[in-house]
């Protein structure tokens with residue numbers, strides 16, 4: 096039986112993330128009230144910097160389980176990430192264990208965090224993988240688009256791989272939406288249509304977030 100991480104473990108991660116993110120940077124969080132207060136939710140986050148996931152974990156109103164590439168689970172980070180309820184995924188194949196655990200999080204009414212672009216890139220939702228559509232259609236969970244802005248604008252002086260300390264990073268949560276067409280179909284055509292629907296919604300949210308924050 097595949098073990099599903101508990102909301103309690105993700106809450107531990109959130110309690111670590113809150114003082115860390117607010118202590119090192121100056122997050123400005125907009126629209127957090129849009130995240131449903133209970134029930135399954137998928138946070139679809141743009142990904143332009145490694146700090147994006149921890150930042151969302153620290154500022155989201157609910158504890159979040161992120162799907163994270165297996166390459167990050169090395170050394171002491173492995174037991175730490177597992178301990179705070181994060182999900183290891185092998186991106187080179189269909190990772191059935193990760194899929195089962197992620198669906199389990201949603202079935203238990205939890206929050207699943209996904210970088211729909213699959214890898215760190217421009218952070219503009221230009222190329223989406225089908226995984227997000229699958230989870231959304233299969234579980235029926237609403238998707239909340241999340242735009243993280245400012246994390247990759249400049250490099251820090253002290254630590255080159257991180258944004259400048261005490262710099263402002265904007266995290267903008269959008270309105271929840273359903274990816275499916277209501278039919279419950281999970282055919283390849285239905286998932287392709289859901290992916291196109293998701294991409295349109297996420298791109299529009301990112302444009303609105305940039306407009307509202309001036310970034």
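Numbering (this note's numbering), first residue to last: 96 to 310. Beta carbons: idealized from backbone N, C-alpha and C, even for Gly.
Should residue 150 be flagged as near chain C, meaning a C-beta pair shorter than 7 Å? Checking the listed chains, one finds no chain C in this structure; it contains a single protein chain.
If you follow the beta strand (DSSP E) that residue 265 is part of, which residue opens it and which one closes it? 263-268
Using only the alpha-carbon positions, how far apart do residue 100 and residue 175 sit? 13 Å
Thinking just about the alpha-carbon of each residue, which of 188, 230, 115, 177 is nearest to the one in residue 139? 230
From which residue to which residue does the beta strand (DSSP E) around residue 111 run? Run containing residue 111: none in the beta strand (DSSP E); it sits in the alpha helix (DSSP H), 102-119.
Can you tell me whether residue 296 is buried or exposed? The criterion is at least 16 other CB atoms within 10 Å of its CB, across all chains shown. buried
Beta-ladder partner(s) of residue 123, from DSSP: 265
By a C-beta neighbour count over all protein chains shown, 10 Å radius and 16 as the cutoff for buried, is residue 279 buried or exposed? exposed
Quick one: residues in its chain with C-beta nearer than 8 Å to the C-beta of residue 133, no 5 flanking neighbours on either side, listed in chain order? 204
Cα-Cα, which of 246, 270, 265 is closest to residue 238? 270
Assuming residue 208 is part of the beta strand (DSSP E), what are its boundary residues? 206-209
So what's residue 230 in DSSP terms, helix, strand or just coil? helix
Which of helix, strand or coil does DSSP assign to residue 138? strand
So which of 211, 179, 308 has the shortest CA-CA distance to residue 263? 308
Rounded distance between the beta-carbons of residue 130 and residue 268, thought under 8 Å: 6 Å
beta-carbon residue 199 near the ligand HEM non-hydrogen atom, thresh 6 Å: As far as ligands go, the structure on display features none, and thus does not contain the ligand HEM.
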